[in-house]
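Chains as they are written, first to last, in the working numbering: chain A, 19 to 205; chain B, 206 to 522. Written below as structure tokens is the structure these notes are about.
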């Protein structure tokens, strides 16, 4: 159920960087009753559950194809869609091409914003996340260092992680900041 | 029928589960997690994604797993300040007086040489091939000027004395951390952060404000001091720093770029006879000082012909 470290590493390295492009492509192919977020989560579930990934030459193209097959499956289940409507979700070759230099620059800027996002986390949250992830202390040692309980450390790290997950989803500060505000409103 | 759980709610829960996995699950928690995940395929995907995002920010523990020894020793992770305190401490202002740098000691390496230089404060400077740096320490500051080439700095913690590496139009400032700076002909100035944090500043009057870099960042700077940052992750930074072991890790590098890189380490020259071949990409880890071995491996990988004439190695389609 929990993906292996190797698979997690593969997803982090080869899939995560393409997520904003995948989302942009999915948004252009809006299907009624099917949220982009749902398709993305299902895509990750498929990639996490594959028996092997070594044979995948382009993880980016594979992720797009996986997302496409998830959309098609939903459409078939819905049964109200005429077959020709499926043309709309045909994969456009250029969507899965490797990013252009311009797109790479913008991806670079996005990642810079993600790094910036860490510095914008609430103080305790940032301290716990930094000690754990950047300096490599165990959660227990982080708790000791900060003089708080282990379960509080775990909550801080969970909150920090959720903020960063949002950043990866949108690939931009403005939206990520907005989601931070949302979260503050909710909790 | 209950309302369908939103993907946002799933993400919040998945982030907490990932944090819990990161701490270590008890058998009971493992059972609860299995039950949670199996109820909805989206939960499984959200958890996989949460773990991947968490891994993206992995720091030195990956390095600890892949490099058993620490060649330059000294700095344990525990010696670092807490992240927040470090971030706050890095704001230290300081005016760099270029005249002061005239004093101090100069260190150089010949082509192919790799030299570890212990500094008086306990820091280490590892000079890569064909490099030149000047070190000048005073009571309040530790200044290094990278005049050419590439160096990796493993900085001993001393909040009272900032460690500043100046190169071209950029100052890189650290308190206790590990980072490299490279100043190579025809390439933008480059800063790689292996551990901790550093601040980079353009030295020009109208330079953009401070850029804060964390471990895993790869920054390049224009001559005007404009900084472009990319968070590539610590494993990628470590691969780019393979030179500290006398190796080059060419992960998808073009053949032309690889040939240029090898020429920094040896007088043997790789010449690519067709431009199309120069655009092919190569991967693998090679001894920096053995361009011939690389040329033969690349020829094998890319189906090219290799021919050696004296100190020149030709590659052609």
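No residue lacks a Cβ here, since even glycine has one placed at the ideal position from N, Cα and C. Please read these numbers as outputs of a predicted model, since none were measured by experiment.
{"Query": "N- and C-terminal bounds of the alpha helix (DSSP H) containing residue 440(B)", "Result": "439-445"}
{"Query": "Closer than 8 Å to chain B by CB, residue 75(A)", "Result": "no"}
{"Query": "Selected residue, minimal CA-CA separation from residue 244(B), among 336(B), 227(B), 500(B) and 210(B)", "Result": "210(B)"}
{"Query": "Partner residues on chain A for residue 215(B), Cβ-Cβ distance less than 7 Å", "Result": "59"}
{"Query": "Endpoints, alpha helix (DSSP H) assigned at residue 496(B)", "Result": "496-507"}
{"Query": "Contact under 8 Å by Cβ, residue 465(B) with residue 518(B)", "Result": "no"}
{"Query": "Alpha-carbon spacing of residue 327(B) relative to residue 487(B), whole angstroms", "Result": "38 Å"}
{"Query": "Residue 584(B) classed as buried or exposed, judged by whether at least 16 other C-beta atoms fall within 10 angstroms", "Result": "No information on residue 584(B) is available, as it lies outside the stretch 206 to 522 that chain B covers here."}
{"Query": "Rounded C-alpha distance that separates residue 183(A) from residue 476(B)", "Result": "46 Å"}
{"Query": "Beta-carbon spacing of residue 257(B), residue 29(A) below 8 Å", "Result": "yes"}
{"Query": "Three-state secondary structure (DSSP) of residue 252(B)", "Result": "helix"}
{"Query": "Strand pairing of residue 259(B), partner residues [DSSP]", "Result": "Answer by DSSP bridge pairing: none, since residue 259(B) is not bridged."}
{"Query": "Of the residues 162(A), 31(A) and 54(A), the one placed nearest residue 40(A), counting alpha carbons only", "Result": "54(A)"}
{"Query": "Where residue 344(B) sits in the DSSP three-state scheme", "Result": "coil"}
{"Query": "Within chain B, partners of residue 83(A) - CB distance below 9 Å", "Result": "Simply none; closest approach about 16 Å."}
{"Query": "DSSP beta-bridge partners of residue 186(A)", "Result": "Answer is none; residue 186(A) lacks a bridge partner."}
{"Query": "Spatial distance of residue 311(B) from residue 382(B) (CA atoms)", "Result": "22 Å"}
{"Query": "Residue 36(A), DSSP secondary structure in three states", "Result": "helix"}
{"Query": "Length at least 3, wholly inside the segment 409-465 of chain B: the beta strand (DSSP E) runs in chain order", "Result": "416-419, 422-426, 432-436 and 452-454"}
{"Query": "Residue 62(A) - containing alpha helix (DSSP H), residue span", "Result": "54-67"}
{"Query": "Simplified DSSP assignment, three categories, for residue 395(B)", "Result": "strand"}
{"Query": "C-beta neighbour in chain B for residue 140(A), strict 8 Å", "Result": "no"}
{"Query": "Contacts around residue 275(B), its chain only, beta-carbon distance under 6 Å, and the 5 residues preceding and following it disregarded", "Result": "Because the pLDDT at residue 275(B) is just 29, under 50, the model does not fix this residue reliably, and the value given afterwards should be weighed accordingly. Cβ neighbours of residue 275(B) beyond the five flanking positions: none."}
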